[in-house]
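Here the structure is laid out as structure tokens; the discussion comes afterwards.
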Amino acid sequence: MRPFIPIFPLNPIYRSVFLRQSPSPIVANAAAANLARQSAASAATNNIPTFGRNVGISVFQAAQMATQIRPARRVANQNQDVWTIVNEAAKTSKVSPVINLGQGFFGYNPPKFVLDAAKEALNRVDCNQYSPTKGRPRLKKALADAYSPYFGRELDPETEITITTGANEGMLSAFMAFVEHGDEVIVFEPYFDQYISNIEMAGGRVVYVNLIPPARGHIETTPSSEWAVNFDMLKEKISPRTRMLVLNTPHNPIGKIFSREELQQIGDLCVENNVIILSDEVYDRLYYTPFTRIATLSPEIDNLTLTVGSAGKCFYATGWRVGWLIGRPHLIQYVSAAHTRICYSTVSPLQEAVAIGLEQAEKQGFWEESKREMKAKQVRFNAIWDELGLPYTDPEGGYFVLVNMAKVKIPEDYPFPDFVQSRPRDFKLSWFLIKELGVAAIPPTEFVQPGSVMEKLTENYLRFAVCKDDDVLDAAKERLRGLKQYMSE
């Protein structure tokens with residue numbers, strides 16, 4: 001069984017960055033004093049000369065420095081993030097180690113043919129130096145060969161593909177390439193949380209459109225397709241300031257695959273209003289119903305679409321940080337320019353390994369095997385919800401499951417810390433599951449606007465990631481049986 005892995009440090013000053021306020025003087029002074037003590041100890045240990053009275057920086061000076069440092073608003077004006085809250089609950093859970101079904105990292109290694117390619121690449125001189133900023137030629141060609149059949153045309157690896165340091169950096173590069181200060185970007189909520197900060201860092205303003213959950217989702221299991229696009233709202237939200245629209249299919253956290261009809265309506269609206277489509281398709285190899293790519297619907301839609309992909313999701317290697325964007329040359333050239341300024345190039349040996357992986361995956365039968373295995377994991381894990389009578393959204397793609405826990409009754413006097421007590425019910429459910437049962441899941445209101453209608457519609461759900469070893473999923477199921485004592489009809 002794999003232990004829960006902390007994500008962020010919990011130093012008081014770090015924590016304050018995620019609160020809508022500066023650190024309190026007591027917290028700041030304590031943190032600064034600790035910093036000063038560490039500095040003095042380090043100086044003594046390493047024979048580093050000190051100044052003044054031979055004590056280095058004083059505690060008072062360190063405290064002053066800590067309270068005078070002002071972070072930029074783009075990182076300061078945020079709530080305490082969900083990952084920090086999950087970590088804090090895990091530290092004091094009654095059950096240890098906590099089983100982490102919150103984060104979407106894989107619990108197992110990439111396939112052997114991809115790992116072997118990475119090991120071999122590390123022994124090559126050319127793979128240990130800078131790659132071209134737009135990506136290694138072999139990887140771009142492998143992508144063109146792999147994706148041209150899906151796009152129904154020959155992709156030009158030199159002008160229509162660019163490699164990025166993970167899909168997330170690729171999306172940031174796209175926003176940096178096309179979004180000016182005050183431009184609007186439409187995002188469907190729930191959303192992958194990184195979209196928002198990426199858009200705002202580029203100077204954009206996020207405009208939200210709802211994906212409405214099924215009305216009976218709290219009483220029975222429903223397909224993810226029943227999360228419906230509010231097209232009236234979408235038409236209303238498009239304005240002369242709308243620059244881009246972000247689409248995510250298969251969707252995180254819902255698991256929805258947008259239907260051809262939905263994509264056609266979205267694409268037609270974008271063509272009519274000259275809106276660039278950023279289609280996040282990082283789970284494109286994990287679909288269990290027919291999957292349509294919006295760029296394939298018409299030449300006009302294709303001319304406005306940037307498609308995002310991820311080697312991490314394709315090959316169980318989220319830590320490799322290799323992604324790509326596919327689009328027409330008049331779009332890709334500017335994404336590439338932004339990428340060059342953000343990080344110059346992407347890690348060379350892993351690009352080479354991904355290229356070889358793409359060249360061999362079809363021959364090895366890997367794509368179909370991957371889909372079968374992930375679908376089997378969903379069926380295996382979701383059996384616990386059927387057993388408990390808790391309804392869930394049956395995903396059409398990806399590896400997340402949204403479970404409706406309206407029937408779970410948390411004791412009224414349960415001692416939540418203030419930073420959890422002030423958040424929606426799903427944060428309390430997440431905290432409670434970690435502390436009492438030792439299973440971590442993510443509250444999906446982290447993926448909607450605070451105080452919105454969507455917050456009320458999603459606050460009884462939790463998101464679980466099933467991309468783990470089967471024995472981990474089985475252990476989690478056994479612990480989740482402990483929910484029976486807290487359930488009502």
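Number 33 in UniProt numbering belongs to position 33 of the sequence shown; there are no gaps in the numbering. Just so you know, even glycine gets a beta-carbon here, dropped at the ideal spot from N, CA and C.
Using only CA atoms, which one of Val347, Val466 and Lys456 lies nearest to Glu169? Val347
Starting from Glu436, trace the beta strand (DSSP E) in both directions and tell me its first and last residue. Segment: none, Glu436 is in no beta strand (DSSP E) and carries neither H nor E.
So, at 7 Å on beta carbons, what are the nonlocal neighbours of Glu160 in its own chain, with the 5 sequence-adjacent residues on each side left out? Ile326, Gly327, Arg328, Pro329 and Ile332
Lys484 versus Gly217: straight-line alpha-carbon distance, rounded: 20 Å
Proximity winner among Gly152, Asp268 and Asp284, relative to Ile277 (alpha-carbon distances): Asp268
Taking all protein chains shown into account, decide if Tyr130 is buried (16 or more other Cβ within 10 angstroms of its Cβ) or exposed. exposed
May I ask you to report which of helix, strand or coil DSSP gives Asn248? strand
Taking the DSSP output, what are the residues bridged to Arg440? A quick correction: the sequence has Ala, not Arg, at residue 440. Ala440 pairs with Asn100.
DSSP three-state assignment for Asn303, whether helix, strand or coil: coil
Between which residues of its own chain and Gly312 is the CB-CB distance below 6 Å, once the five residues before and five after are set aside? Thr318 and Trp320
To the nearest angstrom, report how far apart Met454 and Asp394 are at their CA atoms. 19 Å
Across the segment 234-241 and the segment 383-400, are there enough close Cβ pairs to call them in contact, namely three or more that are closer than 8 Å? no
Please report the distance separating the alpha-carbon of Leu437 from that of Ile219. 23 Å
From Asn198 to Leu172, what does the alpha carbon distance come to, in whole angstroms? 5 Å
Provide the residue(s) that pair with Glu189 in DSSP beta bridges, ordered along the chain. Asn210
With 16 as the cutoff for other CB atoms within 10 Å, does Asp413 come out buried or exposed? exposed
Please go through the same chain and pick out, in chain order, the residues whose beta-carbon is closer than 8 Å to the beta-carbon of Glu189, but skip the five residues on each side of it. Tyr208, Val209, Asn210, Leu211, Phe447, Val448, Gln449, Ser452 and Met454
Determine the DSSP secondary structure at Pro223, reduced to helix, strand or coil. strand
Tell me, please, which residues DSSP counts as bridged to Asp394. Pro223
Could you tell me which residues DSSP pairs with Ile161 in its beta bridges? Ile326
From Val472 to Leu388, what does the alpha carbon distance come to, in whole angstroms? 19 Å
Work out the CA separation of Lys134 and Ser298 for me, nearest whole Å. 26 Å
Rounded to a whole number of angstroms, what is the C-alpha to C-alpha distance between Tyr334 and Pro157? 15 Å
Per DSSP, which residues does Asn404 bridge with? Please list them. Tyr461
Using a 10 Å radius around the Cβ and a threshold of 16 neighbouring Cβ atoms, would you call Ile69 buried or exposed? exposed
Going by Cα to Cα distance, which pick from Cys270, Met201 and Asp280 is closest to Ala76? Met201
Alpha carbon to alpha carbon, what distance is there between Asp145 and Ser224? 31 Å
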